[in-house]
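**Q** Numbering (the numbering used here), first residue to last: 1372 to 1558.
We put the CB at the ideal spot given by N, CA and C, even for glycine.
Given the structure is predicted, the values throughout are model-derived calculations rather than measurements.
The following block contains the structure, expressed as structure tokens.
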């Protein structure tokens, strides 16, 4: 098996998915909707990171699993089910090690921690701290140079749907244009 991790800076279907989670029906796929999507595809959705995790030999994994569980009493169906679960868990672990954390994800995380607002200078510091904390734990973090460049890039990519100025502070947008609570996630 080849674990392949794909991470996006801005998910194409992100807004549609949030509406679906709130109970709206999924739009039907059609040729007409595909043609309408051309306009959407011209927008900037940032970068996509594709990384390959360490390859997994299923035969070797199966052999190691059999050795580790030798002597345990279970029928073939239970044994197969346990093998599949163990392999799935192993694949997820390899994917997590290969996943690239985008600067936009660091930005969004900090913004959600400081929902009441954060000064721009403090935002830069928090993103820098979070990046170092992730790297210290072995995560792969995409670099956009300085934290200032990463934050400014994320703000350009997500625009006014993500942050608004409140009393000189940057904060996640939690209200729609009419001042009503906006239930759909914007980050």
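List the endpoints of the continuous alpha helix (DSSP H) containing residue 1434.
**A** That run of the alpha helix (DSSP H) goes 1429-1439.
**Q** Does the stretch 1417-1427 come within contact of the stretch 1456-1473, defined as at least 3 CB pairs closer than 8 Å?
**A** By the criterion of at least three beta-carbon pairs nearer than 8 Å, the stretch 1417-1427 is in contact with the stretch 1456-1473.
**Q** Span of the alpha helix (DSSP H) holding residue 1478?
**A** 1474-1484
**Q** Going by the beta-carbon positions, is the gap between residue 1521 and residue 1474 smaller than 8 Å?
**A** Taking 8 Å as the cut-off, the Cβ atoms of residue 1521 and residue 1474 count as close.
**Q** Out of 1447, 1446, 1454, which has the shortest C-alpha to C-alpha gap to residue 1435?
**A** Checking every option, the nearest Cα to that of residue 1435 belongs to 1454.
**Q** Contact defined as beta carbons within less than 8 Å: I believe residue 1419 pairs with residue 1377. What is the distance between those atoms, to the nearest angstrom?
**A** 7 Å
**Q** Which stretch, first to last residue, makes up the beta strand (DSSP E) that contains residue 1543?
**A** 1540-1543
**Q** With DSSP collapsed to three states, give me the class of residue 1373.
**A** coil
**Q** Less than 8 Å between the C-beta atoms of residue 1490 and residue 1526, yes or no?
**A** no
**Q** I need the DSSP call for residue 1426, collapsed to helix, strand or coil.
**A** coil
**Q** Is the distance from the Cβ of residue 1506 to the Cβ of residue 1512 below 8 Å?
**A** yes
**Q** In the DSSP assignment, find the unbroken alpha helix (DSSP H) run with residue 1464 in it and report its ends.
**A** 1447-1469
**Q** Kindly list the residues whose CB is nearer than 7 Å to the CB of residue 1495, restricted to its own chain and excluding five residues on each side of it in sequence; keep chain order.
**A** 1518, 1519, 1522
**Q** Alpha carbon to alpha carbon, what distance is there between residue 1372 and residue 1415?
**A** 33 Å
**Q** How is residue 1382 classed by DSSP in three states: helix, strand or coil?
**A** coil
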